[in-house]
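The next block holds one structure in the form of structure tokens; read it before the comments.
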Amino acid sequence: MRLLQSWFARYLSAEDVHPNVLTVCGLFCNIVSHLTVLWYCPSLTESSPGWVWALTGVMVLAYQLFDNLDGKQARRLGLSSALGLVVDHGCDGINIVMSTFSAAALFQFGAGLRTLTVLFMASTQFFFAAWDEYYRGEFILPYINGPNEGVLILASIYLMSSQLDDHTTFWHVQETLPFIGGRFERRDVALAL
Numbered sequence: 001m002r003l004l005q006s007w008f009a010r011y012l013s014a015e016d017v018h019p020n021v022l023t024v025c026g027l028f029c030n031i032v033s034h035l036t037v038l039w040y041c042p043s044l045t046e047s048s049p050g051w052v053w054a055l056t057g058v059m060v061l062a063y064q065l066f067d068n069l070d071g072k073q074a075r076r077l078g079l080s081s082a083l084g085l086v087v088d089h090g091c092d093g094i095n096i097v098m099s100t101f102s103a104a105a106l107f108q109f110g111a112g113l114r115t116l117t118v119l120f121m122a123s124t125q126f127f128f129a130a131w132d133e134y135y136r137g138e139f140i141l142p143y144i145n146g147p148n149e150g151v152l153i154l155a156s157i158y159l160m161s162s163q164l165d166d167h168t169t170f171w172h173v174q175e176t177l178p179f180i181g182g183r184f185e186r187r188d189v190a191l192a193l
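Note that UniProt numbering numbers the sequence shown so that position 144 is 144, with each residue one more than the last.
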């Protein structure tokens, strides 16, 4: 993904495009996909057509591309600022909430405790990462992290679900995990990733 981002930053990001415009374009991609998901799954329990999940997967990848391009563009143009950081992290925070509800709709969690738990886990992780950045003065991510690999896994789950004949049945099948010893639904295992 890094090679693709570098190529986009070098050849497709015009020098007159402000980095915050790229950030907002990425957020717009997720708003479009999230509103589409909510149109078909208003209570987060309905089944939806496969193209909805294909659109969501592609838009999540577009969001990630724009989110990574804005920083490269800011450094290239010398426009790194506190405002850019606020816009970037603000859009990331909004995206976390929308992505949680879209994933809850895919897995048919409904408006219950599971959705609230996933929202709390994702928001808490984001809060502590931003807090850590505030006190350290730099944003340090581990080698495998949520903003990169986590988003790719989520997009892969959306794209895979779009290709399944009946994605609702697929995610509700119970599997036995030999190394843990319990029975879990596939949606719980996917969410743990």
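From the three backbone atoms N, C-alpha and C, an ideal C-beta is built for every residue, glycine too. No experiment lies behind these values; they were computed from the predicted model shown.
- Take arginine 114, set aside five residues on each side of it, and no residue of its chain has a beta-carbon closer than 6 angstroms to its own.
- By the 16-neighbour rule on beta-carbons within 10 angstroms, glycine 90 is exposed.
- Here DSSP, grouped into helix, strand and coil, assigns threonine 45 to coil.
- The alpha helix (DSSP H) runs lying completely inside the segment 63-112 and spanning 4 residues or more are 82-106, given in chain order.
- Between the C-alpha atoms of valine 60 and glycine 181 there is a straight-line separation of about 33 angstroms.
- Here serine 81 has no same chain residue with a Cβ atom under 6 angstroms from its own Cβ, once five neighbours each way along the sequence are excluded.
- Per DSSP, the continuous alpha helix (DSSP H) segment holding histidine 34 begins and ends at 19-40.
- Taking the Cβ atoms as the reference, asparagine 148 lies roughly 20 angstroms from glycine 84, outside the contact range of under 8 angstroms.
- Between the C-alpha atoms of glutamine 125 and cysteine 41 there is a straight-line separation of about 26 angstroms.
- Between valine 17 and alanine 105, the C-beta spacing is not below 8 angstroms.
- About 6 angstroms separates the CB atoms of leucine 27 and isoleucine 94; that is less than 8 angstroms, so the two are in contact.
- By the 16-neighbour rule on beta-carbons within 10 angstroms, valine 86 is exposed.
- Looking at the DSSP output, arginine 183 bridges to Thr176.
- With contacts defined as CB atoms closer than 8 angstroms, serine 161 and tryptophan 53 qualify as a contacting pair.
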